[in-house]
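In the working numbering, the protein residues as written are 969 to 1196.
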């Protein structure tokens, strides 16, 4: 390598997070600041790793982009299954159906595995229409109207009775953004489960908490992507 190439190499390997954020905000002006910040941080990390490499090595990375993508996804196995190398076929054989058992024993095994879970164990605090009217002052007729319009989430408790998660109400009103999530989710249960699980695209925060902090636009954008 010539001495003249050294300053160019040093300049190429240096990139500030502020520069990346400015470029991203210019290209996608409507993006949430939290999304821009996290994406800029990722870009800088990757840039620092590959920016100082010889050009031949960077070209090799580009040619092997599928392997790079698989390696990145492998670092978070719970998020998504990594893609297989191109042209690779894995051959395997199953173990078969196993031994046959009688109906009585089958039902006994199902009873051991399929344990009923209380609604509150995954949905958080819930209440019926009467309890909500007493505690929050929301008339039953109003709550029913909100539910029919898709503004609040009602979860079945038993065959017909609805229970309403209390975390969806702020100042006795439905949380802004709930209706948008319900529009794209397949059902109320899926929507509420999604809202109460940390999401990587939201800095590993609960979408429900982001909505409470006024991040409606970011939550709706991620929900539309996930439920599309």
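Quick reminder that beta carbons are idealized off the backbone N, C-alpha and C, glycines included.
Helix, strand or coil for residue i? Go by DSSP, reduced to three states.
i, result
"residue 1175", "helix"
"residue 1087", "coil"
"residue 1120", "coil"
"residue 1193", "helix"
"residue 1027", "helix"
"residue 989", "helix"
"residue 1141", "strand"
"residue 1108", "helix"
"residue 1068", "coil"
"residue 977", "Only weak support exists for where residue 977 lies, its pLDDT of 47 falling under 50; the value from the coordinates is given anyway. In this structure, residue 977 counts as helix in the three-state DSSP scheme."
CA-CA distance, residue i and residue j?
i, j, result
"residue 1160", "residue 1116", "16 angstroms"
"residue 1003", "residue 1107", "39 angstroms"
"residue 1173", "residue 986", "23 angstroms"
"residue 1146", "residue 1158", "12 angstroms"
"residue 1182", "residue 1127", "35 angstroms"
"residue 1196", "residue 1151", "11 angstroms"
"residue 1193", "residue 1069", "44 angstroms"
"residue 1177", "residue 1139", "15 angstroms"
"residue 1067", "residue 1180", "52 angstroms"
"residue 1162", "residue 1086", "18 angstroms"
"residue 1175", "residue 1071", "44 angstroms"
"residue 1011", "residue 1073", "56 angstroms"
"residue 1186", "residue 995", "17 angstroms"
"residue 1013", "residue 1000", "20 angstroms"
"residue 991", "residue 1090", "41 angstroms"
"residue 1166", "residue 989", "24 angstroms"
"residue 1037", "residue 1124", "41 angstroms"
"residue 1168", "residue 1035", "22 angstroms"
"residue 970", "residue 1021", "With a pLDDT of 47 at residue 970, under the threshold of 50, the modelled position of this residue cannot be trusted, and the question is left open."
Our contact map puts residue i next to residue j with C-beta atoms below 8 angstroms; I'd like the distance itself, whole angstroms only.
i, j, result
"residue 1170", "residue 1190", "6 angstroms"
"residue 1184", "residue 1153", "No, residue 1184 and residue 1153 are not in contact; Cβ-Cβ is about 15 angstroms, not under 8 angstroms."
Going along the chain, which residues of its own chain have a beta-carbon closer than 8 angstroms to the beta-carbon of residue i, five neighbours each way excluded?
i, result
"residue 1006", "1171"
"residue 1092", "1133, 1134, 1135 and 1164"
"residue 1095", "1103, 1131, 1132 and 1134"
"residue 1122", "1115, 1130, 1131, 1132 and 1156"
"residue 1088", "1094"
"residue 1009", "985"
Quick one: what's got a C-beta closer than 7 angstroms to residue i's C-beta in the same chain, skipping five residues either side?
i, result
"residue 1077", "none"
"residue 1142", "1114, 1119, 1120 and 1136"
"residue 1018", "1026 and 1029"
"residue 1100", "1106, 1111 and 1132"
I'd like the span of the beta strand (DSSP E) that includes residue i, first residue to last.
i, result
"residue 1131", "1129 to 1133"
Ends of the alpha helix (DSSP H) at residue i?
i, result
"residue 1150", "1146 to 1152"
"residue 1100", "1097 to 1104"
"residue 1157", "1156 to 1163"
With a CB to CB cut of under 6 angstroms and the five nearest residues on each side skipped, what residues in its chain are close to residue i?
i, result
"residue 1097", "1108 and 1111"
"residue 1149", "1159 and 1191"
So with Cβ pairs under 7 angstroms, would you call residue i a contact of chain C?
i, result
"residue 1114", "The structure shown contains no chain C; it is built from a single protein chain."
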